[in-house]
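Position 485 of the sequence shown, counted from 1, bears residue number 732 in my numbering, the numbering being contiguous throughout. Each residue gets a CB set at the ideal place from its N, CA and C atoms; glycine is no exception. Since the model is a prediction, treat every value here as computed from it, not as a measurement. Inspection log for the structure reproduced underneath, given as structure tokens.
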Amino acid sequence: MATKSKFSDVLSKIAFVIAVLLTLFQSYTALFGVLTAVYQRAIHLGLASSYIFLFNMANPKEKGKVFHIIIINFIGLVASAGSNFYICLHYAEIQGRLGITTELDMIFGALLLVAILIMGYESLGWALPTISVIFLLYGLFGHLIPGALSHQAFTFKRLISFLYLGTEGVFGSAMSVSATFIFIFILFGAFLEKSGAGQFFVNLALTATGRVTGGPALAAVASSALMGTISGSGVSNVVTTGTFTIPLMKANGYDKNFAGAVEAVASNGGQILPPVMGSVAFLMAEMIGVSYFAVAKAAAVPALLYFFAVGIAVYFEAKRLNLRPDPNAQYERVGVVFKSGFYYLLPIALLIVFIICGYSVLRAGAYAAILTIALSYVKKDTAFHLKDFGAVVTDVAKQVRPIVAACACAGIIMGITSLTNLGIKLSGLIVTVSQGNLMIALVMTMLVSLVMGMGLPTTAAYLLLAVLGAPALIKLGADPLPAHLFILYFGCMSTITPPVALSTYAAAGISGGSPMKTGIYAMKLASVAFLIPYIFVYGQELLLYGSLGSILLAILSASLGCVALAGGMIGWLGAKMPMPLRFVLVGAAITLMIPGALTDVIGVVLMAACVITAVTLSKRQTPKIQ
Numbered sequence: 248m249a250t251k252s253k254f255s256d257v258l259s260k261i262a263f264v265i266a267v268l269l270t271l272f273q274s275y276t277a278l279f280g281v282l283t284a285v286y287q288r289a290i291h292l293g294l295a296s297s298y299i300f301l302f303n304m305a306n307p308k309e310k311g312k313v314f315h316i317i318i319i320n321f322i323g324l325v326a327s328a329g330s331n332f333y334i335c336l337h338y339a340e341i342q343g344r345l346g347i348t349t350e351l352d353m354i355f356g357a358l359l360l361v362a363i364l365i366m367g368y369e370s371l372g373w374a375l376p377t378i379s380v381i382f383l384l385y386g387l388f389g390h391l392i393p394g395a396l397s398h399q400a401f402t403f404k405r406l407i408s409f410l411y412l413g414t415e416g417v418f419g420s421a422m423s424v425s426a427t428f429i430f431i432f433i434l435f436g437a438f439l440e441k442s443g444a445g446q447f448f449v450n451l452a453l454t455a456t457g458r459v460t461g462g463p464a465l466a467a468v469a470s471s472a473l474m475g476t477i478s479g480s481g482v483s484n485v486v487t488t489g490t491f492t493i494p495l496m497k498a499n500g501y502d503k504n505f506a507g508a509v510e511a512v513a514s515n516g517g518q519i520l521p522p523v524m525g526s527v528a529f530l531m532a533e534m535i536g537v538s539y540f541a542v543a544k545a546a547a548v549p550a551l552l553y554f555f556a557v558g559i560a561v562y563f564e565a566k567r568l569n570l571r572p573d574p575n576a577q578y579e580r581v582g583v584v585f586k587s588g589f590y591y592l593l594p595i596a597l598l599i600v601f602i603i604c605g606y607s608v609l610r611a612g613a614y615a616a617i618l619t620i621a622l623s624y625v626k627k628d629t630a631f632h633l634k635d636f637g638a639v640v641t642d643v644a645k646q647v648r649p650i651v652a653a654c655a656c657a658g659i660i661m662g663i664t665s666l667t668n669l670g671i672k673l674s675g676l677i678v679t680v681s682q683g684n685l686m687i688a689l690v691m692t693m694l695v696s697l698v699m700g701m702g703l704p705t706t707a708a709y710l711l712l713a714v715l716g717a718p719a720l721i722k723l724g725a726d727p728l729p730a731h732l733f734i735l736y737f738g739c740m741s742t743i744t745p746p747v748a749l750s751t752y753a754a755a756g757i758s759g760g761s762p763m764k765t766g767i768y769a770m771k772l773a774s775v776a777f778l779i780p781y782i783f784v785y786g787q788e789l790l791l792y793g794s795l796g797s798i799l800l801a802i803l804s805a806s807l808g809c810v811a812l813a814g815g816m817i818g819w820l821g822a823k824m825p826m827p828l829r830f831v832l833v834g835a836a837i838t839l840m841i842p843g844a845l846t847d848v849i850g851v852v853l854m855a856a857c858v859i860t861a862v863t864l865s866k867r868q869t870p871k872i873q
């Protein structure tokens, strides 16, 4: 046992050194400019994958299979380090050969694919690596498939050279974003959290809402939104803020399953909330070919409506249960709490200002991280010391593990899709099955997104769906940005949608509730996210396109729709709502969210009728005091 422990300690120390090198490399290139594409991505993948394999060897998940795990990860380590080193060393020569490949190229290319599949399995489970293998098999044997999905025959040599020796496979756009934007913003978020910003956000939200009905739940929504936009993982956000907010909600009288659902939904929603959107904003901008600012601007109103709807729902639940603020709770004034940590908002403000002023997003993120470090010294107890930097490096390396693995696997999938023109074929298939009807295609894409996103990080889910789902929607007339936001929403929702709902599992683990019941509550709370994407695909006022009047009217009617939807899902809107009225309220919400004067009038009338009826019934049922 002592020998094993010593061996693990040595591996952990080597892994830490690799993590430091990776952090230094990414920080340097963020500040002084990225390297040529393949060099930047290969060094990033080489360092990150080496850390992953060393970490897995030092921390085997299954104690009974230590030797097996060490051997598998050692193979991955050697294969990945060797193949990435090889392409960095010989890339100039490879370019000079003008497409002529050698046996060494093929050997190292095949080794890299093996390493990626091992890394994917160890970091993400079986789902994404299995899909990658299916795509590889399709690339090799797809010419034998009859019908529309058939493609021309490709040799193994052609497949390897396409995936390994260029920028359309493993070292394509997915790895590009991992090697640049994603890492630096995870680093920024880790510095922000370590500096005490997370606790400040929770304190500020709780102070602002503590005296309001449902205050702890509203605080969970607000603080999780603030941290979630920076965090690239709904699950990690749940375990960061949920450890504080879920017990508070339970103490206030909320059901444990409902409390877990609130945290899961709020944490997950951070990934659709600008400015950072869990780093997906940068990936989307890269995929579509638009500016980051265009993505953030379009995503703003739908994300705010999402959190508004969740906040209204938790307020209605508190009213339905007659939960009241704790009269004995002592809260400081909002101004006092804000003054104690307002400077935590400065790095986020700096990030936004720099991007608006035309700085590269990568450099803006690096400067925001540096400012966060500087601001930590405002207070003695939050000042960064050497051990804090070490903790941040370790935390970032751990967070990067699933993302790098996902981007590498996605590179295989995207490369095969490009080589075989599978994206075009699938788009044609969806168009054919939907008979050219955009609504049917949207429903099909939603279902595919919910299924394919299960068990995957948001980044991986989006990458997969951007290749396989978005092209069909665009072909049927949807604009690229709304189409990509559509798949992002449902890719995100897959993490709170049973049966495989990672965020709700994490929340249920903290609350002590049932994962399935927590998931059902989460779907109710996040129901607005199942409607809004359809609305902004058909009418883009919610994405801030159109005249000022039409945009304001769309936002107002959608906000009313959120209130009606929350009332229908929770069963309270001024009074307890019988089940028939709840269905009518959901109908009112849908009509209010659909742009148009007629639908708005219908929605308002239905909503008003429901409230009047419910209040009247409530008064009749209340016994009169003699």
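Quick one: grab the DSSP three-state call for residue i.
i: Lys544; result: helix
i: Lys823; result: strand
i: Gln287; result: helix
i: His632; result: coil
i: Ala621; result: helix
i: Leu715; result: helix
i: Thr863; result: helix
i: Ala856; result: helix
i: Gln646; result: helix
i: Arg610; result: helix
i: Tyr499; result: According to the sequence as given, residue 499 is Asn; it is not Tyr. Of the three classes helix, strand and coil, the one that applies to Asn499 here is helix, per DSSP.
i: Gln273; result: helix
i: Val417; result: coil
i: Ser397; result: coil
i: Gln873; result: Low local confidence applies: a pLDDT of 44 at Gln873 is under 50, so the model's placement there is unreliable, and no value is given.
i: Ser538; result: coil
i: Thr744; result: coil
i: Lys722; result: helix
Grab me the residues of residue i's own chain with a C-beta within less than 6 angstroms of its C-beta, minus the 5 sequence neighbours each way, in chain order.
i: Ala730; result: Ala717, Leu720, Ile721
i: Pro594; result: Ala615, Leu618, Thr619
i: Met854; result: Ala811, Ala835
i: Asn320; result: Phe300, Asn303, Met304
i: Thr348; result: Ser408
i: Phe418; result: Val285, Arg288
Alpha helix (DSSP H) containing residue i: first to last residue?
i: Phe447; result: 444-456
i: Met524; result: Neither: Met524 is in no alpha helix (DSSP H) and is coded neither H nor E.
i: Leu674; result: Here the sequence assigns Ser to residue 674, which means Leu is not the residue at that position. 669-680 is the extent of the alpha helix (DSSP H) around Ser674.
i: His731; result: 727-740
i: Ile405; result: Correcting the residue identity first, residue 405 is Arg in this sequence and not Ile. It spans 403-411 - the alpha helix (DSSP H) in which Arg405 sits, taken as one unbroken run.
i: Cys809; result: 795-817
i: Asn504; result: 503-516
i: Gly756; result: 749-758
i: Pro376; result: 374-388
i: Lys586; result: 581-588
i: Tyr781; result: 779-785
i: Pro282; result: Residue identity check: residue 282 is Leu in the sequence provided, not Pro. Neither: Leu282 is in no alpha helix (DSSP H) and is coded neither H nor E.
i: Leu597; result: 593-603
i: Gly436; result: 430-441
i: Gly766; result: 762-772
Leaving out five residues before and five after residue i in sequence, what residues of the same chain have Cβ atoms less than 8 angstroms from its Cβ?
i: Thr641; result: Phe263, Ala266
i: Arg887; result: Residue 887 falls outside the range modelled here, since the chain spans only 248 to 873, and no answer is possible.
i: Leu839; result: Ser804, Ala805, Leu807, Gly808, Ala811, Thr846, Asp847, Gly850, Val851, Met854
i: Lys866; result: none
i: Gln873; result: Low confidence applies to Gln873: its pLDDT is 44, below 50, so where it sits in the model is not reliable enough to give any reading.
Near residue i, which residues of its chain fall below 7 angstroms by C-beta distance, leaving aside the five closest residues on each side in sequence?
i: Ala856; result: none
i: Ala776; result: Tyr553, Tyr736, Met740
i: Ala657; result: Ala421, Ala707, Leu710, Leu711
i: Gly544; result: First, the amino acid is wrong: residue 544 is Lys here, not Gly. Excluding residues within five positions, the ones whose Cβ falls inside 7 angstroms are Leu791.
My parser needs the alpha helix (DSSP H) runs of 4 or more residues fully inside the region 300-355; what are they? 313-343
Specify whether the region 320-328 and the region 357-365 touch according to this definition: at least 3 beta carbon pairs, one from each stretch, less than 8 angstroms apart. yes
Are the region 498-511 and the region 521-537 in contact at 8 angstroms, needing three or more beta carbon pairs? no
Meets three-Cβ-pair contact criterion under 8 angstroms: the region 663-677 and the region 398-414: Touching, per the Cβ criterion.
Would you call the region 490-505 and the region 750-757 touching, i.e. three or more CB-CB distances under 8 angstroms? yes
Measuring CB atoms only, is the region 287-300 touching the region 424-434, in the sense that at least three cross pairs come out at less than 8 angstroms? yes
Does the region 390-397 come close enough to the region 630-639 to have 3 or more Cβ pairs within less than 8 angstroms? no
Would you call the region 677-688 and the region 433-444 in contact, with 3 or more CB pairs under 8 angstroms? no
Indicate whether the contact test is met: 3 or more Cβ pairs, each with one atom in the region 370-387 and one in the region 647-656, closer than 8 angstroms. A contact between stretches requires three or more CB pairs, one per stretch, nearer than 8 angstroms, and the region 370-387 meets this requirement with the region 647-656.
Quick check: the region 557-567 against the region 766-786, are there 3 or more CB pairs under 8 angstroms? In the pairwise beta carbon analysis, the region 557-567 is classified as touching the region 766-786: at least three pairs are separated by under 8 angstroms.
For the region 581-593 against the region 444-452, are there 3 or more C-beta pairs whose distance is under 8 angstroms? yes
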